Amino acid sequence: MADKTNPVDIITGHRRMRRNRKADWTRRMVRENQLTVDDLIWPIFIVPGSNIIEPIDAMPGVNRMSIDKAVEAAREAADLGIPALATFPNIEMSLRDETGSNSLAADNLINQTTRAIKKAVPNIGIITDVALDPFTSHGHDGIVRDGEIVNDETVAQIARAAVAQADAGADIIAPSDMMDGRVGAIRRALDVNGHQNVGIMSYATKFASAFYGPYREAIGTGGLLKGDKKTYYIDPANGTEAMRDAALDVEEGADMLMVKPGLPYLDICWRMKESFGLPVFAYQVSGEYTMIKAAAANGWIDGERVMLETLLTFKRAGCDGILSYFAMDVARILAKR
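The numbering used here runs 25 ahead of the 1-based position in the sequence shown.
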């Protein structure tokens with residue numbers, strides 16, 4: 026029998042990577058990561074009033090919704106199998122003040138939303154953001170005293186707001202303010218008030234990023250912000266500092282960790298998953314979403330393929346799930362497969 030060895034066989038030691046890529050069935054059989062509807066968390070924006078669906082100019086395809094419309098959206102999301110929603114309020118300017126005091130109101134917009142959704146769609150999870158920026162007149166995540174975002178007073182208020190959110194039925198509290206000690210303070214406050222089953226998804230590494238602009242339009246803080254958030258968000262240059270921040274949140278009792286933004290910080294996603302073994306989530310933020318939508322609208326990329334590829338990238342980087350404004354679009358696509 027003739028020897029049909031090819032010079033390439035000698036070069037590769039008879040190992041050919043393309044053998045496992047030769048057909049659709051082999052590619053599916055050896056696929057390392059899979060994106061499913063269980064990986065998706067859908068962030069939604071809430072406004073006062075009723076029967077309101079208000080497009081957000083900077084985020085094509087994303088709307089602000091009144092509570093009644095949010096309930097309808099939650100029902101649709103649950104029907105598609107999406108496990109959880111993350112809710113963000115855009116409250117009236119008249120209710121915003123220097124200390125974000127409306128965050129403590131039992132019947133504020135975010136808590137009303139939680140109660141309404143949990144009553145109508147009890148099988149979907151509700152993750153509530155507990156930072157003060159939607160409630161302050163200056164757009165910062167904390168209380169400002171003499172030009173400084175004060176840490177300890179902010180933490181005390183955030184812990185009280187977290188209890189109010191848990192009282193309303195929130196399943197997971199997600200502190201995004203980046204104050205020191207806030208995870209431990211929230212855990213203690215929840216436990217003291219009988220909310221041992223309410224989890225904490227820490228924004229463990231929230232960077233001082235340029236990708237948040239459209240979100241700030243969505244919650245009405247873009248024009249309010251005085252200065253920047255660099256004194257409490259993490260410098261994008263600092264990976265080791267980010268890991269130290271995450272480690273503190275783990276010690277303080279975080280149940281889950283989040284990286285925000287997502288795509289520019291895949292290295293952090295991987296390092297966190299390898300280091301702590303807790304569930305890790307990435308937030309595909311508004312700027313990431315808008316770039317894909319804008320490029321697709323101009324015909325420069327295949328928007329659907331890029332959307333799915335970026336979400337799969339988070340899975341490959343070790344993430345257990347993704348907060349994404351694409352969640353509903355992706356869920357519909359996956360439902361047809």
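Here a beta-carbon is modelled for each residue, glycine too, at the ideal position from N, C-alpha and C. Note that this is a predicted model, so its numbers are computed, not measured.
If the five residues before and after Gly209 are omitted, its C-beta is found closer than 7 Å to the C-beta atoms of Glu277 and Gly278, all from its own chain and listed in chain order.
Secondary structure within the stretch 63–111: the alpha helix (DSSP H) runs of 4 or more consecutive residues, fully enclosed, are 92–105 (chain order).
If you keep only unbroken alpha helix (DSSP H) runs of at least 4 residues inside the stretch 299–339, you get 311–322. The shortest CA-to-CA distance from Pro147 to any of Leu336, Val96 and Phe113 is the one to Val96. In the same chain as Ile244, and ignoring 5 residues on each side of it, the C-beta atoms closer than 6 Å to its own belong to Phe113, Asn115 and Pro159, in chain order. When the Cα atoms are used, Gln182 and Asn76 turn out to be separated by approximately 32 Å. In the structure shown, Tyr257 falls within a coil segment according to DSSP collapsed to helix, strand and coil.
Judged by DSSP secondary structure, Val55 falls outside any beta strand (DSSP E); it is assigned neither H nor E. Closest by C-alpha distance to Tyr350, out of Arg296, Gly287 and Gly324, is Gly287.
For the 8 Å CB-CB criterion, Ile259 and Ala235 do not form a contact. The beta carbon of Tyr237 sits closer than 7 Å to those of Val310, Ser311 and Gly312, all from its chain and outside the five residues before and after it, given in chain order. Put simply, the stretch 44–61 does not touch the stretch 195–207. Fewer than three CB pairs are less than 8 Å apart. The residue among Leu129, Leu105 and Val305 with its C-alpha nearest the C-alpha of Lys361 is Leu105. A contact between stretches requires three or more CB pairs, one per stretch, nearer than 8 Å, and the stretch 182–200 meets this requirement with the stretch 140–157. Here Ile183 carries a helix assignment [DSSP, helix/strand/coil].
Contact between the stretch 116–128 and the stretch 161–168 is present: three or more C-beta pairs spanning the two stretches fall below 8 Å. Under DSSP, Asp122 takes part in a beta bridge, and its partners are Thr161. For Ala214, the CB contacts under 8 Å within the same chain, skipping 5 residues up- and downstream, are Ala184, Arg185, Ala187 and Val188 in chain order. Within the same chain, no residue comes within 6 Å of Leu333 by CB-CB distance, once the 5 residues on both sides are set aside. For Leu273, the uninterrupted alpha helix (DSSP H) run begins and ends at Gly264 to Glu277, by DSSP.
With at least 16 other beta carbons inside 10 angstroms of its own, Lys231 counts as buried.
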